[in-house]
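The opening residue of the sequence shown carries number 137 in my numbering; numbering runs sequentially from there. Cβ coordinates follow ideal geometry from the N, Cα and C atoms, glycine included. Here is the structure we will look at, set down as structure tokens.
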Amino acid sequence: MNNEEMIARISKIVENACKSDSNIFGYGIWSHHIVYVVKYAIELAKKLGADIEVVEIAALLHDYAGIKDQLLEAEHHIHGAFEADRILTEFGYPSDKIQKVKDCILSHRGSVLSERLTSEAECIASADAMAHVSQVPSLLHLAYVSHGMSIDEGRLWVLNKIERSMKKMCPEARNMINDHYLKVKAVLE
Ligand SMILES: [Fe+2]
Ligand SMILES: [Fe+2]
């Protein structure tokens, strides 16, 4: 199996988990989150000179643990790194590249980007934040449907979430999404 086939297989594993009844987020986490994290992570990897293949795999797997099992959601970055190790080892992926994927997943929730992160990890944390800003309807769904918030509670929760997301991004990512962010902010304020 070549790497392109392996990525297609990983993509299917994650999409199938998103379709499962046990996935508490619904299929939207695939169609309105992961697909966009992959897209932005690859665009960023090209800009930052990061390993595109590592970044694509990490983007596909970054939220996998919490999708697969809701009990793993609270620590999904840690369980996700473990799942990535298991899946990629089964595919015979090189261990140095597996480590890079795991680093990306472990640090994707960090609220502050530090210089210690690899450029691949920076791509994933930033792309995750970009997907939140670009997919506001999915955040609104989370606020009003999943969390049952009132109109203003939900509005402020989403506004706060996208503002934190903007802070989490590297400057390149912020530039890419800033116009969209300003429009969303104008609607929510
Ligand atoms: Fe996550
Ligand atoms: Fe995510």
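| Item | Value |
| --- | --- |
| Inter-residue Cα distance where the pair is His198 and Leu208 | 13 angstroms |
| Secondary structure of His268, DSSP reduced to three states | helix |
| Expected contact under 8 angstroms - CB spacing of Ala263 and Tyr176 to nearest Å | 4 angstroms |
| Segments assigned alpha helix (DSSP H), at least 4 residues, entirely inside the region 225-312 | 231-242, 255-270, 272-277 and 287-304 |
| Span separating the alpha-carbon of Ser147 from that of Glu189 | 13 angstroms |
| Heavy atom of ligand 2 within 7 angstroms of Val173 beta-carbon | yes |
| Closer than 7 angstroms: Asp264 CB and nearest ligand 2 heavy atom | yes |
| Meets three-Cβ-pair contact criterion under 8 angstroms: the region 291-305 and the region 263-274 | yes |
| Beta-carbon contacts of Val191 that lie in its chain and below 6 angstroms, excluding the five residues immediately before and after | Ala177, Ala181, Glu256 and Cys259 |
| Whole-Å CB distance - Cys240 paired with Ile203, under 8 angstroms assumed | Actually they do not touch by this definition, with Cβ atoms about 17 angstroms apart. |
| beta-carbon His169 near ligand 2 non-hydrogen atom, thresh 7 angstroms | yes |
| Straight-line Cα distance separating Phe227 from Arg291 | 43 angstroms |
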